[in-house]
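Peer 1:
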Amino acid sequence: MSERDAGEEHAEPGRPRSLILDTLGQRTEQAAREKDTSQEAEPQKLLGELSRASDSLAEIVDSLVAEKSALEARVEDLQAQLDRLRTEAETASAAAARELEQQERAATTKATEGAREAARQRARADRAERLLALAGDERRATAFCLTVGGSARTSVPREILAEAVRLGIDVQLNAHPGRRDTFIVAQMEADEAHLKRFLTWARDRFADTDFRETEGLSAP
């Protein structure tokens, strides 16, 4: 009992005891209600704080999601730039390789053409030299013939031409193929010394054939 309650009790000595008990009961009930109200308010307060914390956390999550999306977009942009640079580098490399290949082909073609032209010039020079060497000599003509068969039908004309070129003799071959053999006529023109050397070679080379030659050397 508070001092106020005690004073009231002393101040009103004639107050009924039941009234005092009712008053005490009312105050006790009021205190209980206030306590219940306080206890009920505490969870509400906690719920409010939790709600605010949840909202704040949601804002943080949204911010992180936005940053993640921005980073992903940046990564995609960088990847696109990398792919473009790689494509440009590959294109440039392929173009450089094609250019180098074209230059190599051009150089090879030029070198080949140069070698062929040089060979033609040497051949012309050699022929001119032979003609000049024979210009002051008396040129003569002669001929011989022979009959060959088998593989000799193709090998013998090649041998005759090769020896004529080696000795600088102008030769014309006429082949008359038969069923089993070929009759070859060789007409030659050169100075007497070269013709004699050529005929000596032909007599020795074709001694085992029906080699025949014209009688003597006649002037052209």
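With this note's numbering, the residue at position 92 of the sequence shown is 92, and numbering never jumps. For glycine and all other residues, C-beta sits at the position ideal for the given N, C-alpha and C.
Nearest-angstrom Cα distance between residue 196 and residue 105?
Peer 2: Here the question's residue 196 lines up with position 196 in the sequence shown. Here the question's residue 105 lines up with position 105 in the sequence shown. If you take the alpha carbons of residue 196 and residue 105, they lie about 50 Å apart.
Peer 1: Thinking C-beta only, is residue 157 closer than 7 Å to residue 167?
Peer 2: Here residue 167 is taken as the residue at index 167 of the sequence shown, counted from 1. Here residue 157 is taken as the residue at index 157 of the sequence shown, counted from 1. Taking 7 Å as the Cβ cut-off, residue 167 and residue 157 do not qualify as a contacting pair.
Peer 1: In the structure shown, what three-state DSSP assignment does residue 183 receive?
Peer 2: In the sequence shown, the residue the question calls residue 183 occupies position 183. Here residue 183 sits in strand by DSSP.
Peer 1: Can you find the residues in the same chain that come closer than 7 Å, C-beta to C-beta, to residue 180, ignoring five residues on each side of it along the sequence?
Peer 2: Position 180 of the sequence shown, counted from the first residue, corresponds to residue 180. Contacts found: 149.
Peer 1: Are the Cβ atoms of residue 221 and residue 187 separated by less than 7 Å?
Peer 2: Absent from the structure is residue 221, since the part of the chain shown begins at 1 and ends at 220.
Peer 1: With H, G and I counted as helix, E and B as strand and the rest as coil, what does DSSP make of residue 89?
Peer 2: Start at 1 with the first residue of the sequence shown, and residue 89 comes out as number 89. Here residue 89 sits in helix by DSSP.
Peer 1: By a C-beta neighbour count over all protein chains shown, 10 Å radius and 16 as the cutoff for buried, is residue 194 buried or exposed?
Peer 2: Locating residue 194 in the sequence shown gives position 194, counting from the first residue. Residue 194 is buried by the Cβ-count criterion.
Peer 1: Assign residue 144 to one of three DSSP states: helix, strand, or coil.
Peer 2: Mapped onto the sequence shown, residue 144 falls at position 144. Here residue 144 sits in strand by DSSP.
Peer 1: I'd like to check one pair, residue 198 with residue 146: are the Cβ atoms closer than 7 Å?
Peer 2: Taking the first residue of the sequence shown as 1, we reach residue 146 at position 146. Taking the first residue of the sequence shown as 1, we reach residue 198 at position 198. Taking 7 Å as the Cβ cut-off, residue 146 and residue 198 do not qualify as a contacting pair.
Peer 1: Return the bridge partner residues of residue 149 from the DSSP annotation.
Peer 2: In the sequence shown, counting from the first residue as 1, residue 149 sits at position 149. In DSSP, residue 149 forms a bridge with 181.
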